[in-house]
Structure formats: C-alpha cells, structure tokens
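To start, the structure itself, in structure tokens.
In our numbering, the protein residues as written are -1 to 489.
So, in structure tokens, the structure goes:
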C-alpha cells in the first residue's frame, strides 16, 4: 500500500486533467441519503468524465442491520444515479462503473466483512493502491467508525473525508480532532465543505489574484463593507432531530459562511498550493475579533415550534445575522455582515463588496427623484454556475448630468462550456484523491472559529420571530447601519 507522500499538491502547476493514483474508495454510510443524492451519482459522473483513476474499486459499507449484497448495492447505485445523476445509468460507461461496486458490512465488534471487501477490491485493482474513506455517517457514529478503521489497519496510509458538523463548540471540536488524529495525521484528513467545491468560489481566487484590476483595491482604503448572504427559501423539511441540536449558526455560519469569509479576506498567498492557501485563510481566522452577542440577531420562523419533533418552547435559531470584524491591516474598520436562514424570501448565494464613495463628491448627493445614488458594488453570485456583477453609476442620456445605475455582468454559464463543470462534491472528491487540501478546512482553522464563537454560544440573544417568506427579523437592519442589506433588491 502506498504511503501518503503528496501532502501539498500544487494546484497551479499540476497538469490539466491529471488523474489520481489507483484507488479503493470506501463509502461509510453507503445506504444513507448523502451517498444516494451526491456520492454515488458524483462518482459516476467523474467516471464518465474520465477523471477517476485508471484502475479503481468502490466499496460501500454500513452497519450489519443495513447491509446489502453486492448486487443489491449495485441496484441501489443504479436507482440513485437514475434519480439524481446527470447521465442515465446505461450503456458501456455504466456497465464499466457498476462492475467496480461491492459491499462489506461493518459493525464496531465485527469489521470482518468490510476488511474482506477492501482486500478483495485491492486485489482486483492490483499493484500500489491508495485508500480513500468517505465518512458519510451521523456524528454519533463518527468516533466508532474512525476507531474501527484504526484497529483494523484499514487507516494505514489512507486518506479520510470528514463530513460536517466539525463539532458543535470548542470542546467538542477539539475532542473530534483528537479522535481523528489518533488514527489519521492532519495531512490525510479532508474536512469537506461543499460550498468550497463550487466553481464560483474558486473563481474568487482567480478574480482577486489573476487580475491587477481588483487586487489593488481589495482593502479597507477602497471597500466600506462586505456582505456574505446565504438565505434559503426552504424550511427545515422534517429534519427537526438534526436541526434542534444544531441551529443555523452552527450549521451554516461556522461551517460555510466563515469559510467563504476566509477566501474573500485572505492575503495573497505566495503560491496557489494547499499549504499556502490554508495558512492565509487561517491567518484571517486568527484575526477575527471574538463575536459580541450584541452584534448578532437570532431568529426563528413562525410555525417552527409546531414542526414535528420540535420542543414547544424551542430557542433554536432558524436564522442568524451577525457583524464580524477582522483586526488586521487590510480590513481594520471594515464590517463583514453575514446572514443565513430558513424559510426566507429567496434562496441565494451572494458575496457583495461595496466600494467607498469618492473623496470629493462632484455630483449631486440625491437624484432628481429624491433617492440617494448607491455606491459601486462588486457582487459575486456563487450559486451554480455563478456570475459576477459590477454595479456603478453612469450618466444617463440627455442634456443634464443625471446619474443612473449601470452594471457589467460576467455569467459563468454563458462564458465557458458547461460539460466540463463538476458539482461541488465531485470536485472535492477528486481533490481528495489527488491529495490536494486547498479547498478543505484545517484543524487549526476550525478550532479558531469555535474559539471566537464561544461568547455567543455561552450567552446567545433570544430568538426573534419572523414570518415565513420574509428576510428575517426587522432588527437585522440595526446591525448594518449606516449601510443596508443588498438583498432583497440586489443593488
């Protein structure tokens, strides 16, 4: 079995389409919802795109109570791809893919079927083979699965993909990392955040560091405030058991929005490799000011307490908005406004940077209709496939100097061939096989995010009700004064 000697794969110099080494991929929790919706369809798409290794096998595993035979697992995969995949499970490509699938049950006290299935898969691949484990299991099962992998030797030299949540507070996050590091060293741990696998999030790096137009003005001298906004129109969709123990802050802010903040706010790395990118993002987290509960609004949509499984007096937030400060030379004094929640008016994924007004106002402060022209913005829509919009003021046609809003739009869908795109999970699984940790979160980064969150978790403000289909509680506007939220009007 090959050792993991590529801890810092370089993104900028790797040849396009570089294939991973031969692999045995083990999906822990292969009968669950994540495997059905994302992992099995994603692996088939990678195979269709010619991005899986030359030789590979995929082993599904689950507790013995949920075990499947090989043929049952293949049928399970066919149904998953038929329902959620981008290509039908048929033809030569499907026949080749399905032949790589096998199943081995594993209970903590009886891992023998899984061990046998992995060994058989490695014999079928032949030669030097890497192992990749994807832990698509509930948090309660995490420790026992990791311990089992270590006790059986299956973890030797292997890499592991870890699903969120990465703890629920500082103590649990540290305990989780201790469990992981007892079996896997940090260079082989891939904490997956599907937001970071989006093409348009990678495009933030390209926008900043490949263009002399933007990087010189990407700082406190030119940007007045930044908004990261991920409203969701769906409610909890029957997931009360999960949501009651998590809430929006733990589920979305710590896991997703803080990670996006890291990409937006980082210093230019010396190289676009995993070590440099993760270090610059971690520096941002080290510079985050500890959260002040007075700068946080927690909301709960009306009717949440009537959801099956929700406690009648639940104080779990379905909405969180907060003001975040970064104490470094680039961003000192620039507020970052973060917002996410359930049952809101729209589902969006937006980063908006607002530029400062010119130092000398040469044009009227108000337009003829009495409105105040808003400053220029750079809006990054990182919903798939993504777009970038620059909004600015321009002269309206006519004899008078009247200003009107104008915009320039880069639309990802209309600019590049979409057949080459990968969905977030597909992208990240491929990066894990290549050993590139650039788009995965580090133990130190996670630790620091829970550390700055401690005051809020210990003394959260009470939840405020908001109507379904709104933009959250009215009190969110006090967080951003003298600025405003750029959704719902997007301007």
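Where is the CB? At the ideal position from N, CA and C, for every residue including glycine.
Item	Value
Residue 297: first and last residue of the uninterrupted beta strand (DSSP E) it sits in	294 to 299
Buried or exposed by the 16-neighbour rule on C-beta atoms within 10 Å, applied to residue 471	buried
Sheet register partners of residue 348 (DSSP bridge)	227, 379
Contact the region 417 to 426 vs the region 187 to 202: 3+ CB pairs below 8 Å	yes
Contacts around residue 437, its chain only, beta-carbon distance under 7 Å, and the 5 residues preceding and following it disregarded	194, 195, 426, 429
DSSP-derived helix/strand/coil call for residue 268	coil
7 Å CB neighbourhood of residue 331 in its chain, flanking five on each side removed	218
Residue 333 to residue 309 span [Cα, whole Å]	35 Å
Inter-residue spacing [alpha-carbon to alpha-carbon] between residue 387 and residue 205	12 Å
Endpoints, beta strand (DSSP E) assigned at residue 409	401 to 409
Local Cβ density within 10 Å of residue 415, reported as buried at 16 or more and exposed below that	Bear in mind that the predicted position of residue 415 carries a pLDDT of just 49, short of 50, making it unreliable; the figure below should be weighed with that in mind. Counting Cβ neighbours within 10 Å, residue 415 comes out exposed, since fewer than 16 surround it.
Bridge partner(s) assigned by DSSP for residue 388	376, 406
Through-space distance from residue 189 to residue 9, alpha-carbon basis	Because the pLDDT at residue 9 is just 38, under 50, the model does not fix this residue reliably, and the point stays unresolved.
Buried/exposed call for residue 104, threshold 16 Cβ in 10 Å	buried
DSSP state of residue 302 mapped onto helix, strand, coil	helix
Bridge partner(s) assigned by DSSP for residue 187	158
Three-way DSSP call (helix, strand, coil) for residue 142 in this model	helix
Rounded separation between residue 315 and residue 358 - CA only	44 Å
Residues bridged to residue 463 [DSSP beta-bridge criterion]	298
Distance, residue 227 Cα to residue 287 Cα	20 Å
Outcome for residue 209 when other beta-carbon atoms lying within 10 angstroms are tallied against a minimum of 16	exposed
Exposure of residue 216, with buried meaning 16 or more beta-carbon neighbours within 10 Å	buried
Endpoints, the beta strand (DSSP E) within which residue 79 is located	Where residue 79 is concerned, there is no enclosing beta strand (DSSP E), although the alpha helix (DSSP H) it sits in stretches over 68 to 82.
Cβ-Cβ distance between residue 21 and residue 174 below 8 Å	no
Whole-angstrom distance between residue 328 and residue 2, CA atom to CA atom	Note that residue 2 has pLDDT 42, beneath the 50 cutoff, so the model's placement of it is unreliable and the number below is only indicative. Distance between the alpha carbons of residue 2 and residue 328: 36 Å.
Beta-carbon proximity check, residue 339 vs residue 317, cutoff 8 Å	yes
Chain-order list of residues whose beta-carbon lies under 6 Å from that of residue 12 (same chain, five-residue window excluded)	Model confidence at residue 12 stands at a pLDDT of 35, short of 50, so the residue's coordinates are unreliable; what they give is reported in the following sentence. Taken in chain order, the list of residues that qualify is empty.
Meets three-Cβ-pair contact criterion under 8 Å: the region 437 to 451 and the region 278 to 286	yes
Candidates 353, 432, 299, of which the one nearest residue 467 by Cα	299
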